[in-house]
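Engineer:
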Amino acid sequence: MSEHHPPRRPRRETVTYASAHGGAAAPGTAGRRPVHPPARSEIDEQTTLGHTYVRSLMRSQLRAALTALGALALLVGSLPLLLALPAPEALVWAALGIGVYPVVWAIAHWYVRRAERNERDFTGLVEH
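Residues in the sequence shown are numbered from 462 upward in steps of one, following the working numbering.
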């Protein structure tokens, strides 16, 4: 007489962030939610909230880029007015050759600092 046992269900296992990434759970933390940044998990899992975080970064970067582009357009757009001024030709060429480059450098420097700050803020949001 053989007994027929119903198939055993597999044992349930709770996978935590630490166990999934090779770390061991701290003593006394069994059954607790893993401690990891919620923003990062939202982005990794590509949820609507994670998509919103990424879109926010992209919008802030776009806003900085459009601001820098607008400033450059104003600079380049004003150059014909400078050429139309009744000034000595040497002064106009000096303004074009020497005066424009520091302004372009300042706009580029501002843009790079702003883009890095946007990324640093985003990384701080995701990491903490």
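Even glycine gets a Cβ: it sits at the ideal position worked out from N, Cα and C.
Everything numeric in this text was worked out from a predicted model, so none of it was measured.
Pull up the distance between the alpha-carbon of N579 and that of A534, whole angstroms please.
Structural biologist: As a position in the sequence shown, residue 579 is number 118, starting the count at 1. As a position in the sequence shown, residue 534 is number 73, starting the count at 1. Answer to the nearest angstrom: the Cα atoms are 23 Å apart.
Engineer: State the Cα-Cα distance for the pair P547 and V587, rounded to the nearest angstrom.
Structural biologist: Position 86 of the sequence shown, counted from the first residue, corresponds to residue 547. Position 126 of the sequence shown, counted from the first residue, corresponds to residue 587. Using only the alpha carbons, I get a separation of about 56 Å.
Engineer: Can you check whether the CB of A526 is closer than 7 Å to the CB of I568?
Structural biologist: Numbered from its first residue, the sequence shown carries residue 568 at position 107. Numbered from its first residue, the sequence shown carries residue 526 at position 65. Contact flag unset, no.
Engineer: Out of curiosity, what's the CA-to-CA distance linking A576 and Q522?
Structural biologist: Here residue 576 is taken as the residue at index 115 of the sequence shown, counted from 1. Here residue 522 is taken as the residue at index 61 of the sequence shown, counted from 1. Roughly 6 Å between the two C-alpha positions.
Engineer: Pop quiz: L536 and L557 are said to be a contact at Cβ under 8 Å. What is the actual Cβ separation, rounded to whole angstroms?
Structural biologist: As a working note, residue 536 is residue 75 in the sequence shown. As a working note, residue 557 is residue 96 in the sequence shown. Going by Cβ atoms, the distance from L536 to L557 rounds to 11 Å, so no, they are not a contact pair.
Engineer: Starting from Q522 and walking both ways along the alpha helix (DSSP H), at which residues does that stretch end?
Structural biologist: Taking the first residue of the sequence shown as 1, we reach residue 522 at position 61. T509 to A545 is the span of the alpha helix (DSSP H), which, as asked, contains Q522.
Engineer: Kindly indicate the opening and closing residues of the alpha helix (DSSP H) around I568.
Structural biologist: Against the sequence shown, residue 568 aligns to sequence position 107. V561 to E588 is the extent of the alpha helix (DSSP H) around I568.
Engineer: Taking C-alpha atoms, which residue in T584, H465, R469 and W571 lies nearest to A529?
Structural biologist: Numbered from 1 along the sequence shown, position 68 holds the residue referred to as residue 529. Checking every option, the nearest Cα to that of A529 belongs to W571.
Engineer: For L518, which residues of its own chain have a beta-carbon under 6 Å away from its beta-carbon, when the five flanking residues on both sides are left out?
Structural biologist: Along the sequence shown, one-based indexing puts residue 518 at 57. Answer for L518: F583, listed in chain order.
Engineer: Our contact map puts L543 next to V553 with C-beta atoms below 8 Å; I'd like the distance itself, whole angstroms only.
Structural biologist: For the purposes of this step, residue 543 is identified with residue 82 of the sequence shown, where counting begins at 1. For the purposes of this step, residue 553 is identified with residue 92 of the sequence shown, where counting begins at 1. So it is a contact: roughly 6 Å between Cβ atoms.
Engineer: What number of angstroms, rounded off, separates the C-alpha of W566 from the C-alpha of Q507?
Structural biologist: Position 105 of the sequence shown holds residue 566. Position 46 of the sequence shown holds residue 507. If you take the alpha carbons of W566 and Q507, they lie about 38 Å apart.
Engineer: Span of the alpha helix (DSSP H) holding A548?
Structural biologist: For the purposes of this step, residue 548 is taken as residue 87 along the sequence shown, with counting starting at 1. It is not in any alpha helix (DSSP H) - A548 carries neither H nor E in the DSSP assignment.
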